[in-house]
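Peer 1: First, the structure itself, so that you have it in front of you.
2 protein chains.
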Amino acid sequence: MSRWEPNARGRLQQSAMELYIEHGYEQTTVAEIAKRAGLTERTFFRHFADKREVLFAGAGPLQELFVNTVADAPATATPMDAVAAALDTVAADFKGRLESARQRQTVIRANAELQERELIKLATLAAALTEALRQRGASDLTARLAAEAGIAVFKIAFERWVGDTDQRELSQHIRELLDELKAVTAGG
Amino acid sequence: MSRWEPNARGRLQQSAMELYIEHGYEQTTVAEIAKRAGLTERTFFRHFADKREVLFAGAGPLQELFVNTVADAPATATPMDAVAAALDTVAADFKGRLESARQRQTVIRANAELQERELIKLATLAAALTEALRQRGASDLTARLAAEAGIAVFKIAFERWVGDTDQRELSQHIRELLDELKAVTAGG
Chain A
1 MSRWEPNARG RLQQSAMELY IEHGYEQTTV AEIAKRAGLT ERTFFRHFAD
51 KREVLFAGAG PLQELFVNTV ADAPATATPM DAVAAALDTV AADFKGRLES
101 ARQRQTVIRA NAELQERELI KLATLAAALT EALRQRGASD LTARLAAEAG
151 IAVFKIAFER WVGDTDQREL SQHIRELLDE LKAVTAGG
Chain B
1001 MSRWEPNARG RLQQSAMELY IEHGYEQTTV AEIAKRAGLT ERTFFRHFAD
1051 KREVLFAGAG PLQELFVNTV ADAPATATPM DAVAAALDTV AADFKGRLES
1101 ARQRQTVIRA NAELQERELI KLATLAAALT EALRQRGASD LTARLAAEAG
1151 IAVFKIAFER WVGDTDQREL SQHIRELLDE LKAVTAGG
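Order-wise, the sequence lines are chains A and B.
Residues in the first sequence are numbered consecutively from 1, following my numbering.
Residues in the second sequence are numbered consecutively from 1001, following my numbering.
Here it is as structure tokens:
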């Protein structure tokens, strides 16, 4: 085993996803993931705390992208404008990653513990987004509502994108959902 | 111990809440809860599966109230109208229960596992609400958005009601949040 391991992280992620889909998440061990990637367990643990983290390693960067885009939105942007800008940036970041998003979704749907972890991820994201909107001067109430609405749009758009057969981009789903949200709440 | 145990369920709930607040949720045992209520452990398990269920026994009836009110809304009501009607009914049901809602919130906030369970409860509620709206003929997209928006309003309104010092009713918080949601999404 060479100490130089090109793209070890990416290889571990791909091997893990393959095994989770072939044998199930519960049944897969870290040893098997490392073996399939042609790496050692030690290398695995240099990149991930455990086999669950392989599926949630993107949560931190995703949150950063949301928060930074909201922070960088022009001062004149409304809270919902800032959230929409963040959703656009996030959608652009997912471009070309439909297949891996689908695989991840398949694994998470099959396991209750992973679904819970996904709910926590989204709740944490909503809290971070709320704080970013408050920092821009939004009231607590407005910040919370805009953040929750934004995360709801993200969640539904993502599920539609992953389940979609007509090859629309995530950004199109997001745009459609933001428009529909406006129509739905106006009609209440 | 008499076999006739008046309001055993309510006494167990009250004793559990007191102990969770005094000693912490983790530290409290079912034996202690039963003892404080002047009942046996066996009686406890006739009413609750475990000490966590004491805090989540209301989830089923709450979901029923949401779903039934949506189903009973006039055919002319928009999805968001139906959701607003359900929120009003739920708010009426919580009337006079501020103190116990506060106690429950205190216990849940102090424990990560309970917070996760609360997230699952809300996600399950959103799914049930989505299905109830679909049954009324709403499209999948509209149903999901209206349900997620409604649950977000419920969650934020509930937290504001419980944390509020100016004694406004839950129904007032809900009304304010529905109006603000309309304004927030219109401004996006």
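Beta carbons: idealized from backbone N, C-alpha and C, even for Gly.
(1) Within the continuous alpha helix (DSSP H) that includes B/P1061, where are the two ends?
(2) Specify the secondary structure class of A/R36 as computed by DSSP and reduced to three states.
(3) Hey, does A/P74 have any beta-carbon neighbour from chain B nearer than 8 Å?
(4) Taking only the alpha-carbon atoms, compute the straight-line gap between B/A1082 and B/V1070 and give it to the nearest angstrom.
(5) In this structure, does DSSP put A/Y25 in helix, strand or coil?
(6) B/L1119 and B/A1147 look like a contact to me (Cβ under 8 Å); what is the Cβ gap, rounded to whole Å?
(7) Is it right to say B/H1173 is buried, meaning 16 or more other beta carbons lie within 10 angstroms of its own, or is it exposed?
(8) Quick one: residues in its chain with C-beta nearer than 6 Å to the C-beta of B/G1038, no 5 flanking neighbours on either side, listed in chain order?
(9) In chain order, what residues of the same chain lie with their CB nearer than 7 Å to the CB of B/T1165, ignoring the 5 residues before and after it?
(10) What residue range does the alpha helix (DSSP H) around B/A1085 cover?
(11) Can you tell me whether DSSP reads A/D179 as helix, strand or coil?
(12) Taking only beta carbons into account, state which residues of the region 1169 to 1182 of chain B come closer than 7 Å to chain A, listed in chain order.
(13) Below 8 Å between beta carbons is the criterion; list the residues of the region 1143 to 1165 of chain B that meet it against any residue of chain A, in chain order.
(14) Have a look at B/E1005 and A/T124 and give me their C-alpha separation to the nearest angstrom.
(15) Using CA atoms only, rank isn't needed, just tell me which of A/E64, A/T28, A/G60, A/D140 is closest to A/D50.
(16) Let me know the secondary structure DSSP gives A/D50 once reduced to three states.
(17) Do you know how far the Cα of A/A127 is from the Cα of A/G137?
(18) Please report the straight-line C-alpha distance between B/A1059 and B/Y1020, rounded to a whole angstrom.
(19) On the three-state DSSP scale, how would you describe B/S1139?
(20) Below 8 Å on C-beta distance, what does A/A123 contact in chain B?
(21) Which stretch, first to last residue, makes up the alpha helix (DSSP H) that contains B/R1097?
(22) Note down, in chain order, every chain A residue with its Cβ under 7 Å from the Cβ of B/L1065.
Peer 2: The answer reads as follows:
(1) As a first step, residue 1061 of chain B must be located in the second sequence, where it is residue number 61. That run of the alpha helix (DSSP H) goes 1059 to 1072.
(2) As a position in the first sequence, residue 36 of chain A is number 36, starting the count at 1. Residue state, collapsed to three classes: helix.
(3) Residue numbering aside, residue 74 of chain A sits at position 74 when the first sequence is read from its first letter. No, because no Cβ of chain B sits closer than 8 Å to the Cβ of A/P74.
(4) On the second sequence, residue 1082 of chain B is found 82 positions in, with the first residue counted as 1. On the second sequence, residue 1070 of chain B is found 70 positions in, with the first residue counted as 1. Each residue's Cα considered, the two are about 5 Å apart.
(5) Stepping through the first sequence from its first residue, residue 25 of chain A is reached at position 25. Of the three classes helix, strand and coil, the one that applies to A/Y25 here is coil, per DSSP.
(6) If you number the second sequence from 1, residue 1119 of chain B lands on position 119. If you number the second sequence from 1, residue 1147 of chain B lands on position 147. With a Cβ gap of about 15 Å, B/L1119 and B/A1147 do not count as contacting.
(7) Along the second sequence, read from residue 1 onward, the residue named residue 1173 of chain B stands at position 173. Burial call: buried.
(8) Within the second sequence, residue 1038 of chain B is the residue found at index 38, counting from 1. Around B/G1038: no qualifying Cβ.
(9) Start at 1 with the first residue of the second sequence, and residue 1165 of chain B comes out as number 165. Contacts found: none.
(10) Start at 1 with the first residue of the second sequence, and residue 1085 of chain B comes out as number 85. Per DSSP, B/A1085 belongs to the alpha helix (DSSP H) from 1079 to 1094.
(11) For the purposes of this step, residue 179 of chain A is taken as the residue at position 179 of the first sequence. In the structure shown, A/D179 sits in a helix (DSSP, three-state: H, G or I).
(12) L1177, L1178, E1180, L1181, K1182
(13) R1144, L1145, A1146, E1148, A1149, A1152, V1153, K1155, I1156, R1160
(14) Counting from one through the second sequence, the residue named residue 1005 of chain B turns up at place 5. Counting from one through the first sequence, the residue named residue 124 of chain A turns up at place 124. Answer to the nearest angstrom: the Cα atoms are 43 Å apart.
(15) The residue you call residue 50 of chain A lines up with position 50 of the first sequence. Cα-wise, what sits closest to A/D50 is A/T28.
(16) Translated into positions along the first sequence, residue 50 of chain A becomes position 50. DSSP places A/D50 in coil when its eight states are reduced to three.
(17) Your numbering for residue 137 of chain A matches position 137 in the first sequence. Your numbering for residue 127 of chain A matches position 127 in the first sequence. Between A/G137 and A/A127, the C-alpha separation is close to 16 Å.
(18) Position 59 of the second sequence, counted from the first residue, corresponds to residue 1059 of chain B. Position 20 of the second sequence, counted from the first residue, corresponds to residue 1020 of chain B. Each residue's Cα considered, the two are about 19 Å apart.
(19) Position 139 of the second sequence, counted from the first residue, corresponds to residue 1139 of chain B. Coil, per DSSP.
(20) In the first sequence, residue 123 of chain A corresponds to position 123, counting from 1. Result: L1119.
(21) Your numbering for residue 1097 of chain B matches position 97 in the second sequence. First-last for B/R1097: undefined, no H or E at that position.
(22) As a working mapping, residue 1065 of chain B is identified with position 65 in the second sequence. None at all; the shortest Cβ gap to chain A is about 19 Å.
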